[in-house]
Structures are given as C-alpha cells and as structure tokens.
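For the sequence shown, the residue numbers in UniProt numbering are 1 to 353. Where a beta carbon is used, it is the ideal one built from N, C-alpha and C, also for glycine. From a predicted model like this one, the values you see are computed outputs, not experimental measurements.
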Amino acid sequence: MTIAEERPDAIEAPRTDLLIGPGGPLGAGDDIHERSGAAAGRAPKPPRSARPPRPPKPPRRAPRPPRQLAPLSRNQAIARGALSMLAALLLGFAINLMILSHLQHQVNQQKLQDAFRVQLSTSVAPVSEGDSDGALLADGAPVARIDIPALGMSEVIAEGSSSGVLQSGPGHRRDTVLPGQQGISVVMGRASSYGGPFGGIQRLAPGDRITVVTGQGANVFEVIGTRYAGDPAPAPPAAGQSRLILETARGAAFVPSGVVRVDAQLVGDAQPAGKRQTTAISLPPSHKELATDTSTVWALVFAGQFFLAISLGAVWSFRRLGARKTWVVAAPLFVLGGLLVADQVTRLLPNLL
1 MTIAEERPDA
11 IEAPRTDLLI
21 GPGGPLGAGD
31 DIHERSGAAA
41 GRAPKPPRSA
51 RPPRPPKPPR
61 RAPRPPRQLA
71 PLSRNQAIAR
81 GALSMLAALL
91 LGFAINLMIL
101 SHLQHQVNQQ
111 KLQDAFRVQL
121 STSVAPVSEG
131 DSDGALLADG
141 APVARIDIPA
151 LGMSEVIAEG
161 SSSGVLQSGP
171 GHRRDTVLPG
181 QQGISVVMGR
191 ASSYGGPFGG
201 IQRLAPGDRI
211 TVVTGQGANV
221 FEVIGTRYAG
231 DPAPAPPAAG
241 QSRLILETAR
251 GAAFVPSGVV
261 RVDAQLVGDA
271 QPAGKRQTTA
281 ISLPPSHKEL
291 ATDTSTVWAL
301 VFAGQFFLAI
311 SLGAVWSFRR
321 LGARKTWVVA
331 APLFVLGGLL
341 VADQVTRLLP
351 NLL
C-alpha cells in the first residue's frame with residue numbers, strides 16, 4: 001500500500017502582526033527593540049550635532065603699515081639722477097665690452113674678408129707698407145689672413161696695432177715686415193674683448209702649424225715656443241729666414257698683467273721684404289703692447305655732451321609730458337648715447353685687452 005506524501009506548495013512566512021510585545025501587539029513597521037527599550041524607560045539617543053568651525057589662527061606677525069617716503073630735496077634729486085646716469089653708463093660699458101664688442105668684431109671681420117678676397121683675386125694685395133698706388137696704407141687696411149688649426153681660428157690681419165685697429169681683429173705692427181718676408185713680423189691681437197682672437201695662443205705647443213696668406217702667397221710657420229716677461233728670446237733668424245711673433249695680453253680676463261709671445265719659424269723659403277716707412281723710433285706709442293689710444297679723446301667729449309643733453313631733455317620731458325611719453329622717446333636715445341660713450345672709453349683701455 002503506497003502512502004502518498006503531501007508536500008506543501010509554499011512555506012508560509014511567520015506573521016509578525018500577531019507578535020505580542022510588552023506594550024501590546026506589534027505592527028508591521030514596529031521595531032521590537034525600540035518597544036523593548038521604551039518599555040524599560042530609556043529615551044532614544046538624540047542625533048549628533050555638527051561641530052562648530054574652528055576659529056582662524058591669528059597671523060604670526062601683524063601686517064606692517066606702508067612706508068611713507070619723504071619727498072627728496074632738490075640736491076637729493078640731483079644726486080640721485082647723477083648716480084643713476086653713472087650706473088647706466090657703467091652697465092652700458094660692461095655690456096658693450098663683454099657682449100656687443102664680439103658682434104662688432106664679427107661684422108668688421110666680414111668686411112675685411114670681403115675686401116681682402118677681392119684684393120687677392122685682382123692681385124693688388126699689399127706686400128709693403130704702401131698700397132698698389134704707392135700711398136701709405138691706412139690703419140685698419142687688410143694685409144693678410146692667419147689660420148691656426150689648433151685653435152680653430154681664421155682671421156684677417158689689418159695694418160696697425162692701435163686699440164681702434166685691434167677692435168676689428170689681429171693687427172700687424174707697422175715697424176716689422178709682413179709675415180713670410182725675410183726678417184721678424186709681429187702680429188698683435190686681443191685676448192678677451194672684441195672676439196678675443198688671440199685668447200688661446202698660450203695653448204699652442206711646439207710643432208703646431210700656423211698659415212698666413214699674403215699678397216705673396218701662403219706661408220706656413222711652425223711654433224718653436226712660448227715666452228713671458230723675463231724669458232730669454234730665441235736667437236734672431238738667420239739671413240733669408242722669416243719669423244712670426246704673436247702677441248697678446250696674459251692674466252685674468254679684462255685684467256691684463258703682462259704680455260705673452262708665441263714664436264714661430266717659417267717652413268720653407270722667405271719672400272723678399274717690402275719697403276717700410278715706419279721704424280721702431282717713429283712707431284706711434286699707441287701701437288705698442290698694452291698701449292692706449294688717446295687720439296680720439298675729442299670724440300669721447302662730444303659723446304659725453306650728447307649723453308648729457310639727452311639726460312637734461314629727459315628730465316624736462318618727464319616733468320612736462322609724463323613718464324610714459326618720455327621713456328618712449330628717450331630710451332632709444334639713451335641706448336645710442338651710451339654705446340657711443342662706451343665705444344670711446346674702450347679705446348682708452350689697453351689695446352691687447
């Protein structure tokens with residue numbers, strides 16, 4: 001006999017509406033724990049309130065009141081203006097010597113290279129102190145080109161060795177023969193300013209080659225030594241030989257303490273020497289080592305007057321027209337006047353600087 005087991009279709013959930021609590025029957029939304037707590041006489045906890053914001057921290061130091069500057073007197077205003085002009089001139093001088101002088105040197109070298117290239121192509125490059133017409137060469141005229149591979153240097157040599165000439169590049173001392181000719185040739189160059197073409201000749205070692213191109217052709221020299229003040233000079237070259245001496249300033253940059261010389265001997269036969277009108281006795285003092293050029297002091301005076309006139313005009317314009325209009329007009333003039341003064345002052349410095 002098979003007894004069929006009856007299986008309920010679903011399990012019924014317990015009915016909470018029939019639960020009896022301490023306070024009576026519980027509804028569907030009642031909490032048994034709240035009812036039990038209320039029955040025990042305990043009130044529900046109130047909600048937590050937000051914390052009040054913290055007061056800002058006081059500053060460490062009290063703010064200082066703005067300073068009230070006392071008005072300047074007439075003498076104080078004049079003194080301040082004079083010191084400002086002096087500071088501007090010194091700043092312009094430093095910028096001109098350390099930055100703008102190198103740009104000026106590059107421009108002048110390009111002009112000399114173009115002129116000397118034309119002279120070589122037309123066979124009119126000078127071989128003496130006179131030009132192709134027999135006139136005395138002017139200071140700054142191109143006479144040769146020097147190449148020093150050990151220093152990576154290639155410059156056109158100009159006639160003369162004054163401070164103004166050496167602003168364009170190396171200069172040939174007038175009382176000596178041209179490089180490659182029989183005898184001793186002296187070429188001077190700056191060490192720091194205006195490109196500093198000879199600033200590294202102290203690194204030349206015996207055996208290094210130097211090539212100099214003149215109107216008589218290319219000449220190759222070999223370095224035989226470097227000497228300073230007090231060192232013995234090498235024996236004079238024998239008859240028919242040629243020697244080249246490079247000279248520049250030694251010591252810290254822009255503070256020369258002496259002269260350094262590099263001697264080089266010509267490899268091969270020397271060329272005949274051209275006529276020279278300038279001798280060691282008649283050589284102007286401004287063309288010697290570490291000499292200054294005072295022949296253009298008059299130009300410095302005019303440049304200073306021009307700068308002073310600009311300053312006075314700027315003061316008048318500042319009081320009448322205001323600062324903005326004054327600076328628009330006066331700033332370019334100040335730059336021009338400062339460069340003129342700085343250029344003339346540089347000529348008063350040693351020529352090998």
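Inset, instruction - Can you tell me the Cβ-Cβ gap for G183 and V177, rounded? I've got them flagged as a contact below 8 angstroms. - result: 4 angstroms
Legend entry - Proximity below 7 angstroms, CB of I310 to CB of A264: In this structure, A264 does not lie closer than 7 angstroms to I310 by Cβ.
Legend entry - Secondary structure of I310, DSSP reduced to three states: helix
Inset, instruction - Out of G140, D139 and A125, point me to the one whose CA is closest to D133's CA. - result: A125
Legend entry - Between the CA atoms of L308 and I146 - distance to the nearest angstrom: Looking at the two C-alpha atoms, the distance is approximately 42 angstroms.
Inset, instruction - May I ask you to report which of helix, strand or coil DSSP gives F221? - result: strand
Legend entry - Cβ-based burial, residue 377 [other Cβ within 10 Å; buried from 16]: Because the chain spans 1 through 353 in this model, residue 377 falls outside it and cannot be assessed.
Inset, instruction - With DSSP as the reference, label T294 as helix, strand or coil. - result: coil
Inset, instruction - State the Cα-Cα distance for the pair Q181 and Q104, rounded to the nearest angstrom. - result: C-alpha separation (whole angstroms): 31 angstroms.
Inset, instruction - Pick helix, strand or coil for R174, following the three-state DSSP scheme. - result: coil
Inset, instruction - Quick one: using the 10 Å Cβ neighbour count with 16 as the cut-off for buried, is G195 buried or exposed? - result: buried
Inset, instruction - Assign T122 to one of two classes, buried (16 or more other C-beta atoms within 10 Å of its C-beta) or exposed (fewer than that). - result: Burial call: exposed.
Legend entry - Closest residue to S163 among G189, P179 and G304 (Cα-Cα distance): When C-alpha distances from S163 are compared across G189, P179 and G304, the shortest belongs to G189.
Legend entry - Touching by the beta-carbon criterion (3+ pairs, under 8 angstroms), the stretch 229-238 and the stretch 279-290: no
Legend entry - Minimum C-alpha distance to Q271 - residue among S128, S49 and R261: S128
Legend entry - With 16 other Cβ atoms within 10 Å as the buried cut-off, status of Q277: exposed
Inset, instruction - Whole angstroms is fine: what's the gap from L204's alpha carbon to N75's? - result: Cα-Cα distance, rounded: 57 angstroms.
Legend entry - G304 to L72 span [Cα, whole Å]: 27 angstroms
Legend entry - Rounded separation between A115 and G225 - CA only: Between the alpha carbons of A115 and G225 lies a gap of roughly 33 angstroms.
Inset, instruction - Give me the Cα-Cα distance between Q106 and G338, rounded to the nearest whole angstrom. - result: Rounded to the nearest whole angstrom, the CA to CA distance from Q106 to G338 is 21 angstroms.
Legend entry - Candidates Q68, L349 and F334, of which the one nearest A291 by Cα: L349
Legend entry - Host alpha helix (DSSP H) of I78 (start-end): R74 to I95
Legend entry - Straight-line gap, A158 to T326 (C-alpha atoms, nearest Å): Taking the straight line from one Cα to the other gives about 43 angstroms.
Inset, instruction - Starting from T278, follow the alpha helix (DSSP H) in both directions and report where the run begins and ends. - result: Per DSSP, T278 belongs to no alpha helix (DSSP H) and is neither H nor E.
Inset, instruction - Excluding the 5 residues preceding and the 5 following A299 in the sequence, name in chain order all residues of the same chain whose CB lies nearer than 7 angstroms to its CB. - result: The beta carbon of A299 lies closer than 7 angstroms to those of Q344 in the same chain, with the five residues before and after it left out.
Inset, instruction - Give, in chain order, every unbroken run of the beta strand (DSSP E) that is at least 3 residues long and sits entirely within the stretch 243-278. - result: 255-266
Inset, instruction - Please determine, among A218, G217 and D269, the residue with the shortest C-alpha to C-alpha distance to A238. - result: D269
Inset, instruction - Apply the 10 Å Cβ neighbour rule to P153 and answer buried if 16 or more other Cβ atoms are within range, or exposed otherwise. - result: Rather than Pro, the amino acid found at residue 153 in this sequence is Met. The residue is buried, with at least 16 neighbouring Cβ atoms inside 10 Å.
Legend entry - Through-space distance from I78 to N108, alpha-carbon basis: About 40 angstroms.
Legend entry - Among R261, V315, D293 and R243, nearest to V267 - alpha-carbon criterion: R243
Inset, instruction - Report the residue ranges of all beta strand (DSSP E) runs contained in full by the stretch 132-214; include only those spanning at least 3 residues, in chain order. - result: 142-148, 153-159, 183-188 and 209-214
Legend entry - Same chain, Cβ closer than 8 angstroms to P81, five either side skipped, listed in chain order: The residue you asked about is not Pro; residue 81 is Gly in the sequence shown. For G81, where only same-chain residues beyond five positions count, the Cβ hits under 8 angstroms are S311 and V315.
Inset, instruction - Go through its chain and collect everything with a Cβ distance to G37's Cβ below 7 angstroms, but skip five positions before and after it. - result: Residue placement at G37 is flagged as unreliable, the pLDDT there being 48, under the threshold of 50; a coordinate-derived value is accordingly withheld.
Legend entry - Which of helix, strand or coil DSSP assigns to R54: coil
Inset, instruction - Can you say whether R174 is buried or exposed, counting buried as having 16 or more other CB atoms within 10 angstroms of its CB? - result: When all chains shown are included, R174 counts as buried.
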